[in-house]
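A.B. asks: The sequence shown runs contiguously to residue 295 in numbering that gives the first Met the number 0.
Before anything else, here's the structure in question.
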Amino acid sequence: MRLPSLNALRAFEAAARHESFARAAEELCVTEGAISRHVKLLETALQVELFRRLPRRLVLTDAGRNFQPILAAAFESIAAGAQDLQRQPRHLKVICPPTFSIRWLLPRLDRFKQQWPAIGIRVTTAPFDWEIFFGGEFDLAFDCGYPNRPKDIEAVLVLQSFGTPVCSPKLLERGVPITFPADLVHHNLLHETPDRHDWKVWAGQFAPNLLDVNSGEVFPSADMAYRAAAMGQGVAIGDLSVLHDEIAKGELVLPFKDMQISDDTEAYHLCCRKDCWTDPRIAAFHKWVSDEATWS
Numbered sequence: 000m001r002l003p004s005l006n007a008l009r010a011f012e013a014a015a016r017h018e019s020f021a022r023a024a025e026e027l028c029v030t031e032g033a034i035s036r037h038v039k040l041l042e043t044a045l046q047v048e049l050f051r052r053l054p055r056r057l058v059l060t061d062a063g064r065n066f067q068p069i070l071a072a073a074f075e076s077i078a079a080g081a082q083d084l085q086r087q088p089r090h091l092k093v094i095c096p097p098t099f100s101i102r103w104l105l106p107r108l109d110r111f112k113q114q115w116p117a118i119g120i121r122v123t124t125a126p127f128d129w130e131i132f133f134g135g136e137f138d139l140a141f142d143c144g145y146p147n148r149p150k151d152i153e154a155v156l157v158l159q160s161f162g163t164p165v166c167s168p169k170l171l172e173r174g175v176p177i178t179f180p181a182d183l184v185h186h187n188l189l190h191e192t193p194d195r196h197d198w199k200v201w202a203g204q205f206a207p208n209l210l211d212v213n214s215g216e217v218f219p220s221a222d223m224a225y226r227a228a229a230m231g232q233g234v235a236i237g238d239l240s241v242l243h244d245e246i247a248k249g250e251l252v253l254p255f256k257d258m259q260i261s262d263d264t265e266a267y268h269l270c271c272r273k274d275c276w277t278d279p280r281i282a283a284f285h286k287w288v289s290d291e292a293t294w295s
């Protein structure tokens, strides 16, 4: 059997409890005529009379008297379930590109959990567009300076990106040394994106007309390009904000550490719907990220 209209069921339950269309209308903030019409529609759908309409009052029929407690129990159960859902802490959902997630966010996340144990957090590590952000009902996103953010999204700068060539010291030991930018023509260039944006920007500033930036290998992510560089497979443009460990351990070296690019389209931003920054959980996460970025 098809379920009757929910509005009609609510109208009947209130009217049966009060034995009055007028008081049911007051409770549900509708007109008395609306209550009467909903009850009539319900009686038609069920093909049974629920009220006897007397000149000055309503009287429940046997069918109506039997049906009312069933509906009352059902609505109480729905209300209790909704209340339970409201009491349950909702996880903060964050989506983050792979390289930044793996190299910056996830290694620090335990400190957030220690500082804010009452705030549950779920991080999705994946490339994304704004359709994925809205469709996945994410609360926050880290992006890399997307130029076309939706109007209702606001971004705050987390980390500025500083890029410079990085490679394994083993590469320099066994191959042609890298002393001048022109020496890079003898090495394999490693790219983190198919458009080779990183090398184009660096070469345009420090090695114009010297390098064939369309040569070399393309990787699905910056993290994979960095790992290939650490294995001695070539030279990548490394983002110094996420390569602390490899540089500190000597796994990667900087042939031209003073030749750095800072591209706004590669800077890391924390993004949120404009009307959500006041959410206490989001405000706490924003403050924590800002503190971590300062210490970085």
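Ideal placement from N, C-alpha and C gives every residue a C-beta, glycine not left out.
Given the structure is predicted, the values throughout are model-derived calculations rather than measurements.
Mapping DSSP to helix, strand and coil, what is P164?
C.D. replies: strand
A.B. asks: For a minimum of 4 consecutive residues, which ranges assigned as the alpha helix (DSSP H) are wholly contained in the segment 212–261?
C.D. replies: 221–229 and 243–248
A.B. asks: For K92, which three-state DSSP category applies?
C.D. replies: strand
A.B. asks: Quick check: E216 and G237, are their CB atoms within less than 8 Å of each other?
C.D. replies: no
A.B. asks: I need the boundaries of the alpha helix (DSSP H) containing T123, first residue and last residue.
C.D. replies: Unbroken run through T123 is the beta strand (DSSP E), I120 to T124; no alpha helix (DSSP H).
A.B. asks: When you compare each of G162, I177, R56 and A247 to W198 by their alpha carbons, which one comes out closest?
C.D. replies: G162
A.B. asks: Quick one: grab the DSSP three-state call for D274.
C.D. replies: helix
A.B. asks: Where does W276 land, buried or exposed, given buried means 16+ other C-beta within 10 angstroms?
C.D. replies: exposed
A.B. asks: If I follow the unbroken alpha helix (DSSP H) through H186, where does it start and stop?
C.D. replies: Run containing H186: none; DSSP gives neither H nor E here.
A.B. asks: Roughly how many angstroms lie between the CA atoms of F66 and I34, to the nearest whole one?
C.D. replies: 17 Å
A.B. asks: For F255, tell me which candidate among E130, V47, D182 and F11 has the shortest Cα-Cα distance.
C.D. replies: Residue D182 is the option with its Cα nearest to F255.
A.B. asks: Less than 8 Å between the CB atoms is what I'm expecting for F111 and W287, so what's the real figure, rounded?
C.D. replies: 5 Å
A.B. asks: How do the segment 207–214 and the segment 123–135 stand: do at least 3 beta-carbon pairs fall below 8 Å, yes or no?
C.D. replies: no
A.B. asks: Quick one, are the C-beta atoms of A44 and E31 less than 8 Å apart?
C.D. replies: no
A.B. asks: Can you tell which of L70, W129, R52 and A79 has the C-alpha that lies nearest to the C-alpha of C95?
C.D. replies: Put simply, of L70, W129, R52 and A79 the residue whose alpha carbon is nearest the alpha carbon of C95 is W129.
A.B. asks: What is the C-beta distance between S19 and L53, in whole angstroms, given that I count them as a contact (C-beta under 8 Å)?
C.D. replies: About 12 Å; that fails the 8 Å criterion.
A.B. asks: Jot down the residue ranges of each uninterrupted alpha helix (DSSP H) in the segment 4–64, minimum 4 residues, whole runs only, in chain order.
C.D. replies: 5–17, 20–27 and 31–45
A.B. asks: Just to confirm, are A14 and V29 a CB contact at a threshold of 8 Å?
C.D. replies: No, the Cβ-Cβ distance between A14 and V29 is not below 8 Å.
A.B. asks: Can you list, in chain order, the residues of its chain whose CB lies under 7 Å from that of R302, leaving out five sequence neighbours each side?
C.D. replies: An answer regarding residue 302 cannot be provided, because it is not within the stretch 0 to 295 covered by the chain.
A.B. asks: Pull up the distance between the alpha-carbon of Q159 and that of Q259, whole angstroms please.
C.D. replies: 12 Å
A.B. asks: Terminal residues of the continuous beta strand (DSSP E) containing I152?
C.D. replies: I152 to L158
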